[in-house]
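**Student:**
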């Protein structure tokens, strides 16, 4: 049976100068988007990477229990098998001398899928994320695809691995408005159709309003507020949430 929840409890991340993330708890549910929001430097990207033990050099997870349906698991058991990852800079996630087909075949090989079945599975997963010209995409290398196409390819790889959860770290920040809209359309369709559980790290409250079910607000390495998305927009409790929402309203007003 596919797991229904993935959570981290008491996540602490430290550098030589001291703690950067202080006892963070996050819970993902299948079929829902949990947005993790905050200003730059608040610790939200570190929390996302820390869940899967993918922290940059010099940082270490000193505490934090990863749970799958309430049962302890290691990051190695979850990473790439139960949780996929979409990064802010998608090019950094791909081997520059390996084609998209090779990335897909390697992913599928880990699950015992090879040959014609692998080719069919890759085509189906690329179609699911809107990459309809799958023959051209699979022949391409990362430098030959746009940022938006690489973002969707990362989701396609997660689908190939049949991961029930996806951690997305600022996935729309480097995309133009059209590519951002396409990416979010794909993401929400997969949440609805495949029951994907998503942690969406972002500072864009417009993206939060469109996609999120639940919102956790970070400030200086702490979670300072948790609310359902509509409650957060209607009745923010923390100063951090109020500041983010005010900046969003000003920005939206200036674009009107």
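Residue numbers (our numbering): 56 to 311. Ideal Cβ positions, reconstructed from N, Cα and C, are used throughout, including at glycine.
(1) Give me, in chain order, the residues of the same chain whose beta-carbon lies closer than 6 Å to that of residue 211; leave out the 5 immediate sequence neighbours on both sides.
(2) State buried or exposed for residue 311, treating a residue as buried only when at least 16 other CB atoms are found within 10 Å of its CB.
(3) How many Å lie between residue 256 and residue 186 at the Cα?
(4) Which two residues bound the contiguous beta strand (DSSP E) that contains residue 77?
(5) So what's residue 62 in DSSP terms, helix, strand or just coil?
(6) Determine the closest residue to residue 215 out of 169, 83, 96, with distance taken between C-alpha atoms.
(7) Can you give the Cα-Cα distance for residue 138 and residue 220, rounded to whole angstroms?
(8) Mapping DSSP to helix, strand and coil, what is residue 238?
(9) In terms of DSSP beta bridges, what is residue 278 paired with?
(10) Please confirm whether residue 61 and residue 271 have their CB atoms less than 8 Å apart.
(11) What are the complete beta strand (DSSP E) segments, minimum 3 residues, inside the region 95-119?
(12) Got a sec, what are the start and stop residues for the alpha helix (DSSP H) residue 292 sits in?
(13) If you count every other CB in all the chains shown that lies within 10 Å of the CB of residue 102, and 16 or more means buried, which is it?
(14) Work out the CA separation of residue 155 and residue 190 for me, nearest whole Å.
(15) Smallest Cα separation from residue 114: which of 206, 306, 68?
**Tutor:** Checking against the coordinates, here is how it stands:
(1) Cβ neighbours of residue 211 beyond the five flanking positions: 180, 181, 184.
(2) Confidence at residue 311 is low in this model, with a pLDDT of 43, below 50, so the placement of that residue is unreliable and no value is reported for it.
(3) Those two C-alpha atoms are separated by around 24 Å.
(4) Going by DSSP, residue 77 is part of the beta strand (DSSP E) stretching over 73-84.
(5) If DSSP states are grouped into helix, strand and coil, residue 62 belongs with the strands.
(6) Ranking the options by Cα distance to residue 215, first place goes to 169.
(7) Taking C-alpha positions only, residue 138 is separated from residue 220 by approximately 5 Å.
(8) Secondary structure at residue 238: helix, using DSSP grouped into helix, strand and coil.
(9) BP columns for residue 278 point to 273.
(10) Not closer than 8 Å, so no.
(11) Runs found: none.
(12) No alpha helix (DSSP H) holds residue 292; DSSP gives it neither H nor E.
(13) The residue in question, residue 102, is buried, as its Cβ has 16 or more Cβ neighbours within 10 Å.
(14) About 10 Å.
(15) Nearest option by C-alpha distance: 68.
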